[in-house]
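Trainee:
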Ligand SMILES: *Cc1c(COP(=O)(O)O)cnc(C)c1O
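Numbering (full-length UniProt numbering), first residue to last: 1 to 341.
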């Protein structure tokens with residue numbers, strides 16, 4: 001089976017397993033787990049923030065950030081196809097009593113400053129006010145586009161002009177930095193808080209980091225407890241996370257394999273392939289006469305897994321556990337599946 005559904009399917013390597021086995025641990029609710037404390041310090045430094053908090057999932061990191069930045073009843077500005085809006089079960093409303101206002105970020109998945117200005121609601125007797133702007137980089141549903149720092153800066157500056165803080169869903173922000181060949185801080189410097197995943201392309205089995213100013217992270221720690229996310233000897237999973245932070249440079253190889261995959265997929269009749277910027281390849285399969293689910297079924301019969309991103313869009317995602325040879329083998333199988341050979 002060649003699994004191209006997501007970069008979350010990577011399994012911890014031997015070094016990560018060994019790190020977990022030998023990790024120095026303590027009760028992190030008492031602040032006594034040295035491994036996760038080191039991970040939090042290193043993660044904060046990596047994205048240029050004062051502090052960071054280990055959270056079990058990216059979703060929890062985003063939801064904690066939204067709650068800490070806002071008051072119930074406020075509006076949150078989100079991109080129309082963003083993860084925090086589409087794929088977190090309405091958590092902004094359910095956990096934090098927030099009302100969402102969507103902006104259309106277009107192909108690059110990022111609102112312009114004009115859109116932010118127009119979307120912000122000033123608080124008055126009738127209106128709740130806007131409490132937060134959420135951005136996403138790379139933008140998953142738009143095909144893993146690596147959003148340039150100046151676009152992030154422009155949207156963030158517009159929000160800040162209205163005293164609205166900015167949270168970045170940076171689940172794959174290191175993919176963006178590597179693809180754009182900039183230090184990740186050129187992206188994260190423009191936002192108040194950032195969440196990034198250790199459990200995706202970086203290869204850790206579990207965990208994400210939420211980073212920001214010290215006071216924000218102190219409050220986030222309380223909110224994590226409220227959400228039931230205060231953990232005990234968490235260094236067991238923090239140790240693989242520390243190893244994962246060393247895998248940033250490997251992401252370029254994932255991107256290279258995505259380009260190779262995209263080039264091959266473009267030869268399939270009826271496939272309209274979006275050239276990838278990072279490790280995600282979106283293919284509009286409507287030209288085949290089949291919908292995404294039907295194409296996925298044909299691929300599954302040939303032991304290739306991908307995922308659906310809309311009715312006629314298939315997503316392929318490269319990661320550390322697929323080699324260049326796996327990509328070539330996947331391409332042969334996709335071709336055979338789609339030509340019925
Ligand atoms: C995966 C992902 C998340 C959430 O991470 P989980 O650990 O799966 O909860 C958030 N945002 C984006 C853009 C993602 O791709």
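We put the CB at the ideal spot given by N, CA and C, even for glycine.
1. In terms of alpha-carbon separation, which member of 166, 215, 181 and 177 lies closest to residue 194?
2. Does DSSP put residue 152 in a helix, in a strand, or in coil?
3. From what residue to what residue does the alpha helix (DSSP H) around residue 280 run?
4. Which residues are close to ligand 1, meaning CB closer than 5 Å to any heavy atom, in chain order?
5. At a cut of 8 Å, does the segment 172-189 reach the segment 137-149 through at least three beta carbon pairs?
6. As a quick exercise: from 170, 294 and 285, pick the residue whose alpha carbon is nearest that of residue 196.
7. By how many angstroms is the C-alpha of residue 157 removed from the C-alpha of residue 71?
8. Looking only at DSSP bridge pairs, what is residue 349 linked to?
9. Which first and last residues belong to the alpha helix (DSSP H) in which residue 328 is found?
10. Quick check for students: name the residue ranges of the beta strand (DSSP E) that lie wholly in the segment 16-66, counting only runs of 3 or more.
11. From residue 297 to residue 200, what distance separates their C-alpha atoms?
12. Can you tell which of 309, 222 and 133 has the C-alpha that lies nearest to the C-alpha of residue 113?
13. Since I believe residue 203 is in contact with residue 244 (beta carbons under 8 Å), could you give me their beta-carbon distance rounded to a whole number of angstroms?
14. Which of the three DSSP states is assigned to residue 250 in this structure?
15. Return the first residue and the last residue of the alpha helix (DSSP H) that residue 218 is part of.
16. Check each candidate in 88, 186 and 45 and name the one with the smallest Cα separation from residue 64.
17. Rounded to whole angstroms, what is the Cα-Cα separation between residue 322 and residue 215?
18. List in chain order: all unbroken alpha helix (DSSP H) runs of 4+ residues lying wholly within the segment 165-213.
19. Tell me whether the segment 178-193 and the segment 43-51 touch, counting them as touching only if at least three CB pairs, one residue from each stretch, are closer than 8 Å.
20. Helix, strand or coil for residue 131, going by three-state DSSP, please let me know.
Mentor: With the given structure in hand:
1. 166
2. helix
3. Run containing residue 280: none in the alpha helix (DSSP H); it sits in the beta strand (DSSP E), 280-284.
4. 57, 58, 59, 83, 140, 169 and 171
5. yes
6. 170
7. 21 Å
8. No information on residue 349 is available, as it lies outside the stretch 1 to 341 that the chain covers here.
9. 324-339
10. 51-55
11. 24 Å
12. 133
13. 5 Å
14. helix
15. 214-226
16. 88
17. 40 Å
18. 173-180 and 185-188
19. yes
20. strand
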